[in-house]
């Protein structure tokens with residue numbers, strides 16, 4: 165069995181989310197954000213990650229922020245989510 169190397173934040177050493185394109189963890193990104201708009205984006209991203217991790221529905225804003233963090237368009241991300249739901253329902 166192979167172990168995957170977890171990506172860690174260089175500032176605090178916390179394990180980073182697999183979708184994060186940022187160089188720091190979400191908490192460090194909030195502290196380093198330049199303005200309130202950026203802090204709000206990172207906070208929304210953290211809530212979206214929490215909801216996704218617990219299998220809860222994402223709001224439209226959370227889904228848009230997740231798509232942006234993954235480098236996808238909102239349409240492509242929502243299509244991916246619907247296909248994942250369909251695959252779970254079939255299996």
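In this note's numbering, the protein residues as written are 165 to 255. Think of the CB as a built atom: it goes at the ideal place given N, C-alpha and C, for glycine as much as any other residue. On a predicted model such as this, the values are computed, not experimentally measured, just so you know.
Quiz item: Using DSSP with H/G/I as helix, E/B as strand and the rest coil, what is residue 175?
Solution: DSSP places residue 175 in the coil class of the three-state scheme, outside both helix and strand.
Self-check item: Three-state secondary structure (DSSP) of residue 226
Solution: Residue 226 falls in the helix class under three-state DSSP.
Quiz item: Nearest to residue 209 by CA position, among 179, 241 and 227, is which residue?
Solution: Nearest neighbour of residue 209 by Cα position, chosen from 179, 241 and 227, turns out to be 227.
Quiz item: With burial defined as no fewer than 16 other Cβ atoms inside 10 Å of the residue's Cβ, what is the status of residue 233: buried or exposed?
Solution: Buried, by the Cβ-count rule.
Self-check item: Limits of the unbroken alpha helix (DSSP H) element including residue 220
Solution: For residue 220, there is no enclosing alpha helix (DSSP H), since its DSSP letter is neither H nor E.
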